[in-house]
Structures are given as C-alpha cells and as structure tokens.
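**Q** Would you mind keeping the following structure in view while I ask a few things?
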Amino acid sequence: MDEEQEHQTHNPGQDDENEIVAEGASVVHGEPPSDDNGPPKVDSEVEGKARSDMTVEERIGAADRRKMDGNVLFKEEKLEEAMQQYEMAIAYMGDDFMFQLFGKYRDMALAVKNPCHLNMSACLIKLKRYEEAIAQCSMVLAEDENNAKALFRRGKARAELGQTDAAREDLLKARKYAPEDKAIGRELKLLAEHDKAVYQKQKEIYKGIFGPRPEPKPKHGVIVTQLILIWQLLISFFYRLLKREKHHGD
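In UniProt numbering, the protein residues as written are 1 to 250.
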C-alpha cells in the first residue's frame with residue numbers, strides 16, 4: 001500500500017518502517033508529456049527509454065519503481081540513499097509535467113508523488129533536518145490540505161524547532177482527521193508539558209528578579225492605637241496598685 005493510500009486507513013503516527021511499503025502503479029494509455037526535465041541518461045539506462053519519449057503512464061510507473069526502491073533502502077536505515085530514490089521519483093513529475101495533467105492522470109501521479117514527499121519527510125525527521133521535513137510536508141498539503149500524515153509530521157518537525165503554536169495547530173488539525181491516532185495525542189501531550197515547563201521556568205526567573213514579597217509593615221495609625229492601649233493598661237495597673245496600698249494603710 002502506498003503511504004498516501006495508507007493514511008486513509010492507518011494512523012499517521014505509526015512507525016515509519018511499517019508505513020513505507022509499496023504497490024505497483026496502474027497503467028493506462030496516455031500521450032507523451034512535453035516536460036523533459038531530469039537525468040535523461042539515467043532514464044535511458046534504467047528504463048530503456050528517454051523521459052521525453054515516455055507516456056504519462058510510463059513516467060508514473062518509472063517514478064513508482066523509484067519510490068519502491070527508496071522504501072527498501074528506508075527499511076535498511078539507508079536514509080540518504082532512500083531520499084535519492086524519492087527525489088528521482090519526484091523528478092519524473094515536475095511542475096511542468098503536473099501542470100499538463102487532469103482528472104485520473106493527475107490522481108495517478110499524485111498517488112505516487114505525495115507518498116514520495118511524505119517518505120522524504122520521514123527520512124528528514126530521522127536525520128533531524130526539520131526545516132526540510134516541513135517543506136516536504138507542505139508540498140503534500142498544498143495538494144491535500146487534510147492529509148493527516150503530512151499534518152502530523154509537519155507538526156512534529158515544528159515542535160522540534162520550538163515552533164509550538166504552529167506545531168499545535170498542525171497536530172490539532174491532524175487529530176481532527178485521525179482522532180484515534182495515539183501518536184498525535186502523545187505529541188500534543190509533549191507540547192502541553194513543554195508549555196508547563198516554560199511557565200514554571202519563567203515564574204522562577206521573575207521570582208529571582210523581584211525577590212520574595214516583603215511582609216506588609218504596620219501603618220502609623222496602628223502603632224499609635226497600640227501605644228494608647230498599652231498606656232491605658234499601665235494607668236489601670238498603677239491605679240489598682242495605689243488603691244490596694246491605700247486599703248492596707250486604713
């Protein structure tokens with residue numbers, strides 16, 4: 001199952017090794033496209049035909065084979081080599097080529113192209129190249145704004161870069177389209193814990209700057225009142241003492 005197909009039935013947060021598996025592309029008849037970008041020598045050597053001579057279906061099929069080769073390399077943790085295969089697959093479906101496609105042909109191409117971008121993002125996240133991973137996911141979301149897998153991975157990459165607000169927005173949207181996915185929930189929980197830690201740290205910093213809150217000092221009027229009470233007690237004490245002495249004298 002292609003990764004793009006898989007996000008409709010599987011959770012976007014599953015382990016990448018289990019996600020990236022492949023099927024062959026469907027083949028129908030189409031006219032050769034006019035786009036001829038990419039490595040023609042490699043096309044001729046591997047596919048037996050120059051890219052400019054390929055029909056739409058042949059180019060999509062060639063791209064799909066490159067994608068499957070990349071998936072094998074990904075499972076072997078050969079990430080750089082895997083990305084080379086995905087890049088070559090995407091090269092078969094450049095902007096000029098995609099611009100010429102409509103209907104089922106465009107759907108066929110996107111069914112191969114989008115998974116390549118998603119697989120690239122998986123590699124880049126593993127390599128901690130988060131900005132590049134974000135770019136790959138954004139390419140998918142430009143075609144399919146509700147792609148839960150692309151939203152999840154872009155959110156994860158943004159979180160790693162400290163872009164917490166943007167990450168949360170992506171992850172919440174991903175959860176909307178994949179509410180049962182546990183990995184999305186874990187990422188959102190990590191963001192909440194991060195926010196709490198930042199708040200506590202800021203609280204400690206402010207406490208250190210301003211120091212503990214001083215005890216309130218008694219106001220002047222309170223002091224005067226206390227002195228009057230003490231004076232009245234002393235007068236009362238001496239009055240009783242004098243009265244007692246007078247009583248003993250009588």
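Where a beta carbon is used, it is the ideal one built from N, C-alpha and C, also for glycine.
1) For residue 209, count the other beta carbons within 10 Å of its own beta carbon; 16 or more makes it buried, fewer makes it exposed. Which is it?
2) Are the beta-carbon atoms belonging to residue 74 and residue 114 less than 8 Å from one another?
3) Can you name, in chain order, every residue of its own chain whose Cβ lies under 6 Å from the Cβ of residue 201, other than the five neighbours on each side?
4) Which residue wins for smallest C-alpha separation from residue 155, given the options 174, 143 and 140?
5) Are the beta-carbon atoms of residue 70 and residue 86 separated by less than 8 Å?
6) Just to confirm the assignment: which complete alpha helix (DSSP H) runs, minimum length 4, are found wholly within the segment 71-119?
7) Starting from the Cα of residue 130, find the closest Cα among 152, 176 and 142 and give me that residue.
8) Let me confirm a value: residue 193 is counted as buried when at least 16 other C-beta atoms fall within 10 Å, else exposed. Which label applies?
9) Determine the direct distance from the alpha carbon of residue 205 to that of residue 234, and round the result to whole angstroms.
10) Does residue 54 come out as helix, strand or coil in the three-state DSSP assignment?
11) Below 8 Å, can you find three or more Cβ-Cβ pairs linking the segment 157-166 to the segment 129-143?
12) Helix, strand or coil for residue 63, going by three-state DSSP, please let me know.
13) Taking the continuous alpha helix (DSSP H) assigned at residue 136, which residues delimit it?
14) Along the chain, where does the alpha helix (DSSP H) that runs through residue 49 open and close?
15) From residue 229 to residue 223, what distance separates their C-alpha atoms?
16) Could you give the DSSP three-state label for residue 165: helix, strand or coil?
17) Once DSSP output is grouped into helix, strand and coil, what is the label at residue 204?
**A** Checking against the coordinates, here is how it stands:
1) exposed
2) No Cβ-Cβ contact shorter than 8 Å links residue 74 with residue 114.
3) none
4) The option with the nearest alpha carbon to residue 155 is 174.
5) yes
6) DSSP runs (the alpha helix (DSSP H)) wholly in the segment 71-119: 79-91 and 95-99.
7) 152
8) Exposed, since its Cβ has fewer than 16 Cβ neighbours within 10 Å.
9) Whole-angstrom Cα-Cα distance: 51 Å.
10) coil
11) yes
12) helix
13) 130-143
14) Residue 49 -> no alpha helix (DSSP H), and no H or E assigned at all.
15) 10 Å
16) helix
17) helix
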